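Line order of the protein sequences matches chains A and B. Under this note's numbering, the residue at position 93 of the first sequence is numbered 93, and the numbers go up by one with no gaps. Under this note's numbering, the residue at position 38 of the second sequence is numbered 38, and the numbers go up by one with no gaps. Glycine included, every Cβ here is placed at the ideal spot set by N, Cα and C. Being a predicted model, the structure only gives us computed values, none of them experimental.
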Amino acid sequence: MKNLERIHLCPLILLLMTSPAFAHSENGVGIDFVGGFKHPISGLDHLVAMVAVGLWGAFLGVPAIWLLPVVFPLVMAFGGALGVLGVPLPGVETGIAISAIALGAMVAFAARPPLWIAAILVGAFAIFHGHAHGTELPVGADAIAYSMGFVIATGMLHVGGIAFGTLSRWPAGRIAVRAAGAIIALIGVGFLGHFI
Amino acid sequence: MNRALGGAVLAWLLVLTTSASAHSQIMGIGGVPGGVLHALLIPEHGMSLVALGVALGRQDHTARRFAALVFIVALTAGLVAIGLAVETSFATDALLAATAILGLLIAAAWLPPLLVLPLAAVAGVMFALDSPPEANSTDEAVRMLIGSGIGAMLALALLAEGSSHFRSAAVRIVTRVLGSWIAAIAILDLSLRIATRLATGSIS
Chain A
1 MKNLERIHLC PLILLLMTSP AFAHSENGVG IDFVGGFKHP ISGLDHLVAM
51 VAVGLWGAFL GVPAIWLLPV VFPLVMAFGG ALGVLGVPLP GVETGIAISA
101 IALGAMVAFA ARPPLWIAAI LVGAFAIFHG HAHGTELPVG ADAIAYSMGF
151 VIATGMLHVG GIAFGTLSRW PAGRIAVRAA GAIIALIGVG FLGHFI
Chain B
1 MNRALGGAVL AWLLVLTTSA SAHSQIMGIG GVPGGVLHAL LIPEHGMSLV
51 ALGVALGRQD HTARRFAALV FIVALTAGLV AIGLAVETSF ATDALLAATA
101 ILGLLIAAAW LPPLLVLPLA AVAGVMFALD SPPEANSTDE AVRMLIGSGI
151 GAMLALALLA EGSSHFRSAA VRIVTRVLGS WIAAIAILDL SLRIATRLAT
201 GSIS
């Protein structure tokens, strides 16, 4: 009988040794910053379009080199807010694929439209990217850490594009940058074919 | 046996409990230093101070001093209000909205004093109302509030005066990029907060 009571005590002892399980780390900052940082770079369609913004900015030179990467996150945040708040936007995935085609083609064909047209084009596409990201954002996440990771990653992708785009100062680099634009446009065509 | 089970469950529940805090506590630091850190280490607060500091740094000398004075008066009023146990559920949201507008203005490189002054006032009040002291006694709470005020004023003064000295073309571009990032983060943060509130049905 004593042995039986001891056996009954075992689950109680084990129960006392347990600790609570959390879906995220207790402070939430690490996992949510990383989650936000990973979000823009986890999809190839988003990634190439954001790199293309930096490439095109570098290709167009001052002031587009900094103006386009300023416009993109601002408008993307408004699109993200629409997505987070559940405001519908038709043709989001198609718009993202077209953004890769259009921005890649601009670089590939060395297009030099007026600055305001370039800014409007980049801003219009940023709404689609922001909305797609916003729709997928987890409600209840550590909002500030997630948003910081998200915006910093987007900025880093632009900087990567600008860094590569500065090669266009040299003839061989110019060919490489235009080839990169063509590859981005082809990736966009692939995504568009997938959605149609 | 039932008593043992009941006792074990109670002990287990007690082991699981942790204290509830508005923000994570800084262990071992209280009083004025705790207030300084409590106010500055909250990302929303730091971001709003950077945005306001950069915006003030782009003003001329007189306008910068006047806007800083407006911020200090508003901050003090807010700290007195929270010291008198005025509770608000919208302070973080209002602070983020002011930060987003400041970020947009910095990105646009258009910072008229008539817009910056009211934003400095809103930021000052909301910064204070979003800094409730986590203290066990009134004396400790007052010390923490004083610390929050001192920390915010010093940080803003350093940021505003510091950024006013850097006016080269490259710094202006970096500042505009920084402004766009601050605005984007504030807009996303605010919308996520609102969406979370709508999803959970919570008001605060």
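ask   = Under a Cβ-count criterion, where at least 16 other Cβ atoms within 10 Å of its own Cβ denotes burial, should I175 of chain A be classed as buried or exposed?
value = Only exposed fits I175 of chain A, as fewer than 16 other CB atoms lie within 10 angstroms of its CB.
key: Where S168 of chain B meets chain A, residues with beta-carbon distance less than 9 Å   = Listed by position along chain A, the residues whose Cβ is nearer than 9 Å to that of S168 of chain B form an empty set, because the closest Cβ is around 14 Å away.
inquiry  = In whole angstroms, give me the CA-to-CA distance for A105 of chain A and G54 of chain A.
reply    = Spanning the two alpha carbons is a distance of roughly 14 Å.
Test: W181 of chain B CB closer than 7 Å to a CB of chain A = Flagged as an interface residue toward chain A: W181 of chain B, by a C-beta distance shorter than 7 Å.
Interface residues of chain A facing D189 of chain B [CB-CB closer than 7 Å] = Those within 7 Å of D189 of chain B in chain A are A143, I144 and S147.
ask   = How long is the line joining the alpha carbons of D189 of chain B and L119 of chain B, rounded to whole angstroms?
value = Computed Cα separation, rounded: 19 Å.
N- and C-terminal bounds of the alpha helix (DSSP H) containing E134 of chain B = Premise fails: E134 of chain B is in no alpha helix (DSSP H) and is neither H nor E.
task = For A183 of chain B, collect the residues of the same chain with a Cβ closer than 7 Å to its Cβ; drop the 5 residues on either side in sequence, then sort them by chain order.
result = A100, G103, L104 and A107.
ask   = Applying a beta-carbon distance threshold of less than 7 Å, which residues of chain A neighbour A184 of chain B?
value = Near A184 of chain B (Cβ distances below 7 Å), the residues of chain A are P73, L74, M76, A77 and V151.
query = To the nearest whole angstrom, what separates the beta carbons of V54 of chain B and T175 of chain B, a pair I think is in contact under 8 Å?
reply = The Cβ separation is near 6 Å, so the contact holds.
inquiry  = Between the alpha carbons of A52 of chain A and L103 of chain A, how many angstroms are there, rounded?
reply    = Cα to Cα, the separation comes out at about 6 Å.
task = Answer with yes or no whether the minimum CB distance from G201 of chain B to chain A is below 7 Å.
result = No, G201 of chain B lies away from the interface with chain A (no Cβ there is under 7 Å from its Cβ).
task = Assign L111 of chain B to buried or exposed, taking buried as 16 or more other Cβ atoms, counted over all protein chains shown, within 10 Å of its Cβ.
result = By the 10 Å Cβ count, L111 of chain B comes out buried.
key: Contact check, G149 of chain A vs F37 of chain A, beta carbons under 7 Å   = Between G149 of chain A and F37 of chain A, the gap from beta carbon to beta carbon is short of 7 Å.
request  = Could you please give the first and the last residue of the uninterrupted alpha helix (DSSP H) stretch that includes H129 of chain A?
outcome  = For H129 of chain A, the uninterrupted alpha helix (DSSP H) run begins and ends at L115 to E136, by DSSP.
ask   = When the Cα atoms are used, what is the spatial distance from D142 of chain A to G134 of chain A?
value = Rounded to the nearest angstrom, the two C-alpha atoms are 14 Å apart.
request  = Please classify G80 of chain A: does DSSP put it in a helix, a strand, or coil?
outcome  = G80 of chain A falls in the helix class under three-state DSSP.
message = Quick check on S137 of chain B: buried or exposed, where buried means 16 or more other Cβ atoms within 10 Å of its Cβ?
response = Around the C-beta of S137 of chain B, fewer than 16 other C-beta atoms lie within 10 Å, and the residue is accordingly described as exposed.
C-beta atoms of L44 of chain A and G57 of chain A nearer than 7 Å = It is not a contact, given that the beta carbons lie outside the stated cut-off.
key: C-alpha distance - I187 of chain B paired with V73 of chain B, whole-angstrom precision   = Their backbone Cα atoms lie some 27 Å apart in a straight line.
request  = Please report the residue range of the alpha helix (DSSP H) in which H61 of chain B lies.
outcome  = Element bounds for H61 of chain B: H61 to G83.
Proximity winner among A:F125, A:D32, A:V177 and A:W116, relative to I96 of chain A (alpha-carbon distances) = Among A:F125, A:D32, A:V177 and A:W116, the Cα nearest to that of I96 of chain A belongs to A:F125.
task = Under 8 Å Cβ to Cβ from G162 of chain B, same chain only, skipping five residues before and after it: list those, please.
result = So the list reads G53 and G57, once near-sequence residues are dropped.
Partner residues on chain B for A81 of chain A, Cβ-Cβ distance less than 8 Å = Simply I187, L188, L190 and S191.
ask   = Looking only at its own chain, which residues have a Cβ that is under 6 Å from the Cβ of I184 of chain A, when we skip the five neighbours before and after it?
value = Same-chain partners within the cutoff: V48, A52, A100 and G104.
query = Alpha carbon to alpha carbon, how far is I185 of chain B from A163 of chain A?
reply = In this structure, the alpha-carbon of I185 of chain B lies about 24 Å from that of A163 of chain A.
key: Among B:E140, B:V122 and B:S164, nearest to R64 of chain B - alpha-carbon criterion   = Of B:E140, B:V122 and B:S164, the residue nearest in Cα terms is B:S164.
key: Euclidean distance between Cα positions of A81 of chain B and R193 of chain B   = So the two alpha carbons sit approximately 24 Å from each other.
request  = Would you mind telling me which residues of chain B sit closer than 9 Å to L85 of chain A, beta carbon to beta carbon, in chain order?
outcome  = Neighbours of L85 of chain A on chain B, chain order: S191, I194, A195 and L198.
task = Give, in chain order, every residue of the stretch 172-196 of chain A whose Cβ lies closer than 7 Å to some Cβ of chain B.
result = With the criterion set as a beta carbon lying under 7 Å from some beta carbon of chain B, the stretch 172-196 of chain A has no members that meet it.
inquiry  = Since V107 of chain A and R178 of chain A should fall inside the 8 Å C-beta cutoff, what is the C-beta to C-beta distance between them, to a whole number of angstroms?
reply    = Under the criterion of beta carbons closer than 8 Å, V107 of chain A and R178 of chain A qualify as touching, at roughly 6 Å.
key: Reference W170 of chain A, options A:G80, A:F59 and A:G190, closest by Cα   = Per the C-alpha coordinates, the member of A:G80, A:F59 and A:G190 positioned closest to W170 of chain A is A:F59.
request  = Note down, in chain order, each residue of its chain lying with its Cβ closer than 6 Å to the Cβ of G31 of chain B, except the 5 sequence neighbours on either side.
outcome  = Answer for G31 of chain B: R143, listed in chain order.
inquiry  = With H, G and I counted as helix, E and B as strand and the rest as coil, what does DSSP make of T99 of chain B?
reply    = DSSP places T99 of chain B in the helix class (H, G or I) of the three-state scheme.
request  = Determine the direct distance from the alpha carbon of A128 of chain B to that of E87 of chain B, and round the result to whole angstroms.
outcome  = Approximately 11 Å between the Cα atoms of the pair.
query = Which residues bound the alpha helix (DSSP H) around I152 of chain A?
reply = It spans A143 to G165 - the alpha helix (DSSP H) in which I152 of chain A sits, taken as one unbroken run.
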